[in-house]
Amino acid sequence: MNHGKGTKVKNLEEDRSTYSKIKMNESSNIDIYMKHYKRRYTKKRGLSKLDCYCEKKVFDKIHNLNELRGKIHNDEKRYKKSFLKKYGIGLILFVFIPALLGSLLPILFGGEVMKQLIPMCESTCKKHDSSRGGEYSGDHISESSLSPFENNTWTMIQNINDALSLSFVAIFLIIMIYIFIKFIKYEGIKAGKRKMPLKEYFHFLKYIL
Numbered sequence: 001m002n003h004g005k006g007t008k009v010k011n012l013e014e015d016r017s018t019y020s021k022i023k024m025n026e027s028s029n030i031d032i033y034m035k036h037y038k039r040r041y042t043k044k045r046g047l048s049k050l051d052c053y054c055e056k057k058v059f060d061k062i063h064n065l066n067e068l069r070g071k072i073h074n075d076e077k078r079y080k081k082s083f084l085k086k087y088g089i090g091l092i093l094f095v096f097i098p099a100l101l102g103s104l105l106p107i108l109f110g111g112e113v114m115k116q117l118i119p120m121c122e123s124t125c126k127k128h129d130s131s132r133g134g135e136y137s138g139d140h141i142s143e144s145s146l147s148p149f150e151n152n153t154w155t156m157i158q159n160i161n162d163a164l165s166l167s168f169v170a171i172f173l174i175i176m177i178y179i180f181i182k183f184i185k186y187e188g189i190k191a192g193k194r195k196m197p198l199k200e201y202f203h204f205l206k207y208i209l
């Protein structure tokens, strides 16, 4: 019995030792890569230089999150709480401000004038013009405001708003895809696989996910 217990303790110690060595190797791989950041950055030009700069920012954030997880000993609840406390507000603003800006005009002024959240007519609305006689409407004036813009100008503003909304969505998706790609690269460097064939890349992607 004692022999069996001693064997289990020995195996546990060996497992811990192996795990520690793996973690040390992973940290070493990342540390070596990040150590040469300045040298890589000075050699880059144009978009490659921007990519190098952004990559470091992403890697630093991933590294900070890994350190945070290590400090709380992989406690998922504490990790999520700490993550939300540190990055929650920033993520909410990043996601919702573009969406809010893009949908603000349609929410406030979209649809038929009298069904809008803020009823507002074009500047040439005949019902606001007292000189129009029969077309003039006091009730209409009391229920809606007169815009400083003509209908064509409103259409142009709405088109610009739609274009900006699509741009915000595209930028958001590009940033998310970029961060995901850099996360895969970060994990690859940790595992000692800086360059991988496409097939191996997908196998590695499946492994870490």
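Residue 1 is where the sequence shown starts when you use the UniProt record's numbering, and the numbers rise one by one after that.
Even glycine gets a Cβ: it sits at the ideal position worked out from N, Cα and C.
Owing to the predicted nature of the structure, the values given are computational and were not obtained by experimental measurement.
Problem set entry | C125, DSSP secondary structure in three states | Three-state result, C125: coil.
For this session: Measuring only between beta-carbons, confirm whether Y37 sits less than 8 Å from chain C.
Result: No chain C is part of this structure, which consists of one protein chain only.
Exercise. Is the number of C-beta pairs between the stretch 160-167 and the stretch 96-104 that are closer than 8 Å three or more?
Worked result: Two segments are said to touch when three or more pairs of C-beta atoms, one from each, lie closer than 8 Å; by this definition the stretch 160-167 touches the stretch 96-104.
Problem set entry | Nearest-angstrom beta carbon gap, N29 and G192 [assumed within contact, 8 Å] | That belief holds up - the Cβ atoms of G192 and N29 are roughly 6 Å apart, short of 8 Å.
Problem set entry | Straight-line Cα distance separating L108 from V62 | Per the sequence shown, residue 62 should be read as Ile rather than Val. Those two C-alpha atoms are separated by around 40 Å.
Exercise. Going by the beta-carbon positions, is the gap between F59 and K182 smaller than 8 Å?
Worked result: A Cβ-Cβ contact shorter than 8 Å links F59 with K182.
For this session: For G46, count neighbouring C-beta atoms within 10 Å of its own C-beta (all shown protein chains included) and say buried if the count is 16 or more, exposed if not.
Result: Classification of G46: exposed, given that the 10 Å Cβ count is below 16.
Problem set entry | Secondary structure of K206, DSSP reduced to three states | If DSSP states are grouped into helix, strand and coil, K206 belongs with the helices.
Exercise. Counting along the chain, where does the alpha helix (DSSP H) carrying H63 start and finish?
Worked result: Taken as a continuous stretch (DSSP letters only), the alpha helix (DSSP H) holding H63 covers 47-71.
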